[in-house]
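See below for the structure under consideration.
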Amino acid sequence: MMANDWDWNPEKQKSIVVQQVDAIAIYTNVRGEIVIRQQGFGGEEDAIVAFPKTYAETIIAALQAESNKA
């Protein structure tokens, strides 16, 4: 298959090994909270989650537990 012949239609889904993921940024805001921000798709607004740093370890543990589920 030539590069120009590629098609992203659903029939090709089994060939895709990494689905598209919008950019994610993590930073500290002016209030000292940790912010997780995901770039909006197609002009939509960004998704934002902000939380106090004291909850960082709890959130990290929950993320790790979720990623370890089968």
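Position 16 of the sequence shown, counted from 1, bears residue number 153 in my numbering, the numbering being contiguous throughout. Don't be surprised by glycine CBs; every beta carbon is placed ideally from N, CA and C. This one's a predicted model, so the numbers in the text were calculated from it and none came from an experiment.
Who are F178's beta bridge partners in DSSP?
According to DSSP, F178 bridges with nothing at all.
Cα separation between G180 and N166?
Per the coordinates, the alpha-carbon of G180 lies some 23 Å from the alpha-carbon of N166.
What whole-angstrom Cβ distance do K151 and G169 have, given they're in contact under 8 Å?
Going by Cβ atoms, the distance from K151 to G169 rounds to 46 Å, so no, they are not a contact pair.
According to DSSP, which residues form a beta bridge with V155?
Looking at the DSSP assignment, V155 forms no beta bridge with any residue, so it has no partner.
Among V155, V154, I173, I153, nearest to I161 - alpha-carbon criterion:
I173
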